[in-house]
Amino acid sequence: MAEDPLFELLDRGVDTIYPSRKALMDRLSSGEKLTLYLGVDPTGALLHIGHTVVLRKLAHFQKAGHKVILLIGDFTGRIGDPTGKDKTRVPLTSEQLAENAKSYQEQAAKILDFDSKENPVEIKHNADWLAKLTFEEIIKLAANFTAQQMLERDMFESRMKEGKPISLHEFFYPLMQGYDSVAMNVDLEIGGTDQTFNMLAGRTLQRKINDKEKFVITVPLLADSNGVKIGKTTGNVIAISGKPSNLYGGVMSLGDDVLLQTFELCTDVAIEDIAEMKQQLEDGMNPRDIKMRLAREIVTLYHSAEDAVAAEEDFKSVFADKGRPKDIPTQPAPTSMAPLDVLVGLKLAKSKSEAKRLFEQNGVRINDEIVADWKRDLSLTSGDVIQVGKRKFVQIQ
RNA sequence: GGGUAGGUGGCAGAGUGGUCAAUUGCACCUGGCUGUAAACCAGGCGACUUCGGUCUACGGGGGUUCGAAUCCCUCCCUGCCCA
Numbered sequence: 058m059a060e061d062p063l064f065e066l067l068d069r070g071v072d073t074i075y076p077s078r079k080a081l082m083d084r085l086s087s088g089e090k091l092t093l094y095l096g097v098d099p100t101g102a103l104l105h106i107g108h109t110v111v112l113r114k115l116a117h118f119q120k121a122g123h124k125v126i127l128l129i130g131d132f133t134g135r136i137g138d139p140t141g142k143d144k145t146r147v148p149l150t151s152e153q154l155a156e157n158a159k160s161y162q163e164q165a166a167k168i169l170d171f172d173s174k175e176n177p178v179e180i181k182h183n184a185d186w187l188a189k190l191t192f193e194e195i196i197k198l199a200a201n202f203t204a205q206q207m208l209e210r211d212m213f214e215s216r217m218k219e220g221k222p223i224s225l226h227e228f229f230y231p232l233m234q235g236y237d238s239v240a241m242n243v244d245l246e247i248g249g250t251d252q253t254f255n256m257l258a259g260r261t262l263q264r265k266i267n268d269k270e271k272f273v274i275t276v277p278l279l280a281d282s283n284g285v286k287i288g289k290t291t292g293n294v295i296a297i298s299g300k301p302s303n304l305y306g307g308v309m310s311l312g313d314d315v316l317l318q319t320f321e322l323c324t325d326v327a328i329e330d331i332a333e334m335k336q337q338l339e340d341g342m343n344p345r346d347i348k349m350r351l352a353r354e355i356v357t358l359y360h361s362a363e364d365a366v367a368a369e370e371d372f373k374s375v376f377a378d379k380g381r382p383k384d385i386p387t388q389p390a391p392t393s394m395a396p397l398d399v400l401v402g403l404k405l406a407k408s409k410s411e412a413k414r415l416f417e418q419n420g421v422r423i424n425d426e427i428v429a430d431w432k433r434d435l436s437l438t439s440g441d442v443i444q445v446g447k448r449k450f451v452q453i454q
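Converting from the first sequence to the working numbering requires adding 57 to each position, the first position being numbered 1.
See the structure below:
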């Protein structure tokens, strides 16, 4: 029981600890405060609940008194994306980078404490040291690894097998990321399991250059039963910022099979409670009810308990009673009353063709009445509510 | 440097002169069902349209043909084998 506080730190939401759990445990037990970091790409994307897993882990370390660094990977952003196979991503300008970093910090502030007096999270930028390396220094860094080691990385391995191209510069990403550890002289790095290789490269460099042990903690990626990552690439983004009702609904749209995992990774609900829920599920409880609790917990975390209650009420009225949410966004009446123009004008459809389809598929309601005729002009007046699908509402101003 | 195989819709991956706006899977959208935005089932999924059609699309450019994603030339990009 003596290691209970360490359980949350070292076991909950942790995939693997390198070199071993015990080694890190011993180090922490000594009472030593470690310096640790997370590297993020300043891509300007919205933080979604997948991101929160690792941020929460950082927050736990911060609370335990360890020094946390949030590293903005602005150097990476400057030279563009390594694996962008199709679109050659335009390198971001320094203004965009700064803006994205700021936006990231604002969102992350819901989890990490940047303003703490005694132990704030520090922000660093890796361009500060990476941009200064000379070609000679880079070659010396590269000499720490062999081509075979690089190719061992599963991503490279599979692409080799599939005959897909691997650009030479992709080998430099582990080097760059690894050098971050050296430049900041950290004791520990935390990241998703997809970052294992890069983080371990940092371990190697830290040992060779600074003669220092660097621990690595990987956290699991939130994934559904098919192993599909929950994240922006798969389209199922659940942004933590934005409206509470969207966050609530987003959580409700998670598959039943990731319920317990999400509880463990994304909430503070006690492990015992989660075990109990598992039992309840096995006993035939409707997963929906447990998912509602999950949604409440998460909305409370990033908004407030009141927001969670309100979001739940909205959810119930929209989906259970097929009613309307409380606050419907209003828009001025469109200039054209032709049905297709109305939907496009109110941004409820991307094109007239799409709008037409929505009408034909009975997806459009005006004041709760299905409207399928897209040829006859509508007569909208102030206060009318147009609904597309189940969850898109607009009220005429 | 030589040889060879390829580049198709958000992704994966068929198609190899007309019936191709292009099979299929994933993602996405709509409907049904379930007091879940889960699961499952059905439909849809380039744009415009006076709903008859019209236009733009299969790496870029040019050509052959009544007609090309499909054939030819050329340029760009990639895999594999050899050196």
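Cβ coordinates follow ideal geometry from the N, Cα and C atoms, glycine included.
- Residue 375 is not a Cβ neighbour of residue 449, given a cutoff of 8 Å.
- The residues 391, 392, 393, in chain order, have a CB closer than 8 Å to that of residue 402 in the same chain once the five nearest residues on each side in sequence are set aside.
- Within its own chain, the residues whose Cβ lies closer than 8 Å to the Cβ of residue 261, once the five positions on either side in sequence are excluded, are 201, 202, 235, listed in chain order.
- With respect to residue 295, residue 106 sits close: the two C-beta atoms are nearer than 8 Å.
- If you draw a straight line from the Cα of residue 126 to the Cα of residue 344, it is about 38 Å long.
- According to DSSP, residue 452 shares a beta bridge with 387, 442.
- The beta-carbon distance between residue 321 and residue 113, rounded to whole angstroms, is 11 Å. This is too long to meet the 8 Å contact definition.
- Scanning the stretch 72 to 138 from its first residue to its last, the whole alpha helix (DSSP H) runs of 4-plus residues come out as 78 to 86, 106 to 120, 131 to 136.
- Using a Cβ distance threshold of 8 Å, residue 397 and residue 407 do not count as a contacting pair.
- Scanning the stretch 308 to 368 from its first residue to its last, the whole alpha helix (DSSP H) runs of 4-plus residues come out as 316 to 323, 328 to 339, 344 to 359.
- From the listed residues 424, 82, 431, the smallest Cα separation to residue 417 is found for 431.
- The beta-carbon distance between residue 442 and residue 385, rounded to whole angstroms, is 6 Å. This is short enough to meet the 8 Å contact definition.
- Secondary structure of residue 181 (DSSP, three-state): strand.
- Contact annotation: residue 154 and residue 131 have beta-carbon atoms nearer than 8 Å.
- About 6 Å separates the Cβ atoms of residue 316 and residue 351, confirming a contact at the 8 Å cut-off.
- Rounded to the nearest angstrom, the gap between the Cα atoms of residue 307 and residue 191 is 47 Å.
- Per DSSP, the unbroken beta strand (DSSP E) holding residue 246 starts and ends at 245 to 249.
- Under the criterion of beta carbons closer than 8 Å, residue 379 and residue 371 do not qualify as touching, at roughly 13 Å.
- The criterion of a C-beta distance shorter than 8 Å is satisfied by residue 272 and residue 245.
- Under the three-state reduction of DSSP, residue 275 is assigned to strand.
- Counting every other CB atom within 10 Å of its CB across the protein chains shown gives residue 353 a total of 16 or more, marking it as buried.
- Counting only residues of its own chain and dropping the five nearest sequence neighbours on each side, residue 74 has a CB closer than 6 Å to the CB of 81, 274.
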